[in-house]
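Numbering (the UniProt record's numbering), first residue to last: 1 to 832.
Reviewing the structure listed below.
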Amino acid sequence: LQHLEKSAVLQEARIFNETPINPRRCLHILTKILYLLNQGEHFGTTEATEAFFAMTRLFQSNDQTLRRMCYLTIKEMANISEDVIIVTSSLTKDMTGKEDVYRGPAIRALCRITDGTMLQAIERYMKQAIVDKVPSVSSSALVSSLHMMKISYDVVKRWINEAQEAASSDNIMVQYHALGLLYHLRKIDRLAVSKMLNKFTKSGLKSQFAYCMLIRIASKLLKESEEGSFPTPCDSGCILPAVIRWALILATSKALNCRMLLLPYNLELRSFQVAMKHPSAVTACNLDLENLITDSNRSIATLAITTLLKTGSESSVDRLMKQISSFVSEISDEFKVVVVQAISALCQKYPRKHSVMMTFLSNMLRDDGGFEYKRAIVDCIISIIEENPESKESGLAHLCEFIEDCEHTVLATKILHLLGKEGPRTPSPSKYIRFIFNRVVLENEAVRAAAVSALAKFGAQNENLLPSILVLLQRCMMDSDDEVRDRATFYLIVLQQRQIALNAAYIFNGLTVSVPGMEKALHQYTLEPSDKPFDMKTVPLATAPIFEQKFKTVPPLTSKPEKVAPSRQDIFQEQLAAIPEFKSLGPLFKSSEPVQLTEAETEYFVRCIKHVFTNHIVFQFDCTNTLNDQLLERVTVQMEPSDAYDVICCIPAPSLAYNQPGMCYTLVRVPQDDPTAVACTFSCMMKFTVRDCDPNTGVPEDDGYDDEYVLEDLEVTVSDHIQKVLKPNFAAAWEEVGDDFEKEETFALSSIKTLDEAVNNIIKFLGMQPCERSDKVPENKNSHTLYLAGVYRGGCDVLVRSRLALGNGVTMQVTVRSKEETPVDVILASVG
């Protein structure tokens, strides 16, 4: 068929008018026409129409193959020929005739040439075809109905009863196509879709293709519910078990094409992952899942057992771990990671089973595997150690063995950081020294540097080990790498001072400043020479402290360090410094999360971000005008404080066009006469000039008028004045701050009934960072101590030790330390 000439083929098409019709020659010409169309050959309207009219005479032939080729050609030429409806009667005759081989293709061809005005004329025939006993006819009618929805949804919607009847067909394709049509007819009605899913959950289906579609529909419904796309969440308790059961039906099917359905979409993986989010909804399927553990497809067996790990009982843990051991070596790293993640979740659920899981994980750690797999295991062991103090020694021992042969720098430095943090506080810290110093002797520069830092932490916390640590650090000073030598020298000098405050400041807790912010502050200091020493309080704090980022480690040493991306606070600092009125405010201390001051559906949408400085607060109002017939100009927010705050100035947004966000600012000074009066409520009024405009063009009128809009009240609380900062060693930080400004008071929290509730409320109210995992309250305890750390506005550390006792309510003894008196008084006044 190559090198065909369109004109020659159309010339040949005249043979369609000959009598008698030669089916074989006509078939060959139709094939040429279809070939040209599919190769993108352009047919003019006149050319296509002439060929189409000539082809309609071929309906006089009873040759089956020729007739079916005519259907194909009609569908291809329907959009380029004129008056194609001339074949409607012929197609309708074939559609309702006795020749089943004609009926299905005739339906598909007829629906391609039917428009909205003709659809009602064939409606009766379509309804009959949908419920036809011949599967090919029914499927053709269902698929064609799906296409016809684009032309007239209302007409096709009247066929829903027939589609429901087809959904109960014994034929798998008819059932699949019927389900597809039902869903597309109902997808705009979420309740109707839920009812449909529940119906098929109870009645069951015979088509694996239909199950595949049900899983997609249910997963979409659940995702939309979780994302809040709908006002009412769906009933996951009903849908989730069904999703799992459908996936199991596909996974356990004996038919190859059934199981192959899982592969392109990872449907079994997706359904199990959905189940992991809602384990209680899947418990009913546990028996089916257990039957899959021995499945020959190890991927399915793995996903089944990981779901069981999430949903099973404590008594089943040992049995499940043994079953995993039998095949874990046969699966890919990807699925091994899934297993490890399930074990991690299980350990949080049943902490008493940590020894069984720790042993299993250590065995997996010794097996061959890639970086991601090993990292998942290490992260899991670290999380077990942090959540279960009883598992600390066994977990550290397993990790020490692993780093002896670890080839991944990131994992080695991560483990060394953990050893330095947890090892000194174990009953026998000296046993870890050998493993750490071996890294100094045998590993690359990054690992050696991390090992030196870990050794220093042992020396700082264990007086009896200090002489040995000093000797080891002196040996490290002869290292070939600059950073290793510098760290060893620095830590050696600090440790030789034998001062708790120095150890806390320079070994345990380190700096929590913004790296880009420190770079800018140092650069500015060099540009403006001063007799005063550089003040670290002028450097903004890191919004996510370095040590707070779980499992973060020392990055590998490279010749070109990666550029640190500016944080959200660094960006705000730069934006605010560009405004003349804010230049003299000093470094930005903290920026809050946005607070919404209007409903989303109102005519003006306003939210506020509080930017806290040493002696001032800048309120940034992000405003959006949702009215297309108004232009707002000179927009400000006037604030009236309930307490001793002073409003200094308002900086307007020049204009707010329709749907174009703009910003205005209000600057206030914090109380000077009474520094403890930090909590305040501001009443807010948005004021502006309105100019009416044409909604279509956006062109405003010349004259405007003043108007105002009342916003929600805005609160400033004690947490706005405190930045979270993590102290890995709270006891050392407590001693470092000292008791010069220490105050203590006792309070009764009568409305709070549990220690958990008390801990969560205190953390939220003060906005401070819990340390030493003290935010986790042990079970069945009537007393607990919460350790909190933060930095008060201006750059002064503040620490809180809160002893809680459960009785008739909760009694709380609060002890606050800081190097200045104001933060101590502020916290006690706020709690009181």
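Quick reminder that beta carbons are idealized off the backbone N, C-alpha and C, glycines included.
Being a predicted model, the structure only gives us computed values, none of them experimental.
CA-to-CA, the gap between Lys819 and Asn509 works out to about 16 Å. Nearest in C-alpha terms to Cys649, of all of Cys664, Gln660, Asn659, Arg475, is Cys664. Per the Cβ contact rule, the stretch 303-322 is in contact with the stretch 346-358 (3 or more Cβ pairs under 8 Å). CA-to-CA, the gap between Leu473 and Leu418 works out to about 19 Å. Within the DSSP bridge table, the entry for Val101 names no partner.
Between the beta-carbon of Val670 and that of Tyr645 there is about 6 Å, and that keeps the pair under the 8 Å contact cut. Taken atom to atom, the span from the alpha-carbon of Ala456 to that of Val718 is near 37 Å.
Runs of beta strand (DSSP E) with 3 or more residues, each lying fully within the stretch 643-692, are found at 646-651, 653-656, 662-669, 680-692, listed in chain order. The stretch 675-683 and the stretch 750-759 do not touch, with fewer than 3 CB-CB distances between them shorter than 8 Å. Asn62 has its alpha-carbon roughly 27 Å from the corresponding atom of Ala8. Excluding residues up to 5 positions away in sequence, Ile293 lie with their Cβ nearer than 6 Å to the Cβ of Gln323 in the same chain.
In the DSSP assignment, the residues bridged to Asp707 are Phe688. Each of His147, Ser468, Asn171 was checked against the Cα of Ala210, and the nearest Cα belongs to Asn171. Residue burial is scored here from C-beta neighbours: Ile385 has at least 16 other C-beta atoms within 10 angstroms and is therefore classed as buried. Counting other Cβ atoms within 10 Å of its Cβ, Lys610 reaches 16 or more and is therefore classed as buried. The three-state reading of DSSP puts Arg498 in coil, since its state is none of H, G, I, E or B. Fully contained in the stretch 54-107 are the following alpha helix (DSSP H) runs of length 4 or more, in chain order: 64-77, 88-95. Checking the DSSP bridge columns, you'll see Arg803 partnered with Thr785, Gln813. Our two residues, Thr811 and Asp756, have alpha carbons roughly 13 Å apart in a direct line. Taking every protein chain shown into account, the CB of Asp740 has fewer than 16 other CB atoms within 10 angstroms, so this residue is exposed. Between the alpha carbons of Leu181 and Lys392 lies a distance of about 58 Å. From the listed residues Val515, Ser480, Leu466, the smallest Cα separation to Tyr491 is found for Leu466. Each of Gln813, Val637, Asn297 was checked against the Cα of Asp707, and the nearest Cα belongs to Val637. Distance between Gln341 and Phe730, taken at the CA atoms: about 30 Å.
Rounded to whole angstroms, the gap between the alpha carbons of Gln39 and Gln11 is 19 Å.
Here DSSP, grouped into helix, strand and coil, assigns Leu511 to coil.
Three or more beta-carbon pairs separated by less than 8 Å link the stretch 591-605 to the stretch 622-639, which places the two stretches in contact. Under DSSP, Met639 takes part in a beta bridge, and its partners are Cys684.
Using a Cβ distance threshold of 7 Å, Val690 and Leu656 do not count as a contacting pair. Restricting attention to Glu715, Val798, Asn291, the CA atom closest to the CA of Trp734 is found in Val798. Going by C-alpha positions, Glu736 is about 28 Å away from Ala758. In this structure, Cys771 lies away from Tyr792, with their beta-carbon atoms at least 7 Å apart. DSSP places Leu292 in the coil class of the three-state scheme, outside both helix and strand. Cβ neighbours of Thr746 within its own chain (closer than 8 Å, five residues either side excluded): Thr811, Met812, Gln813, Val814. Bridge pairing for Gln569: absent [DSSP]. The alpha-carbon separation between Gly104 and Arg124 amounts to approximately 16 Å.
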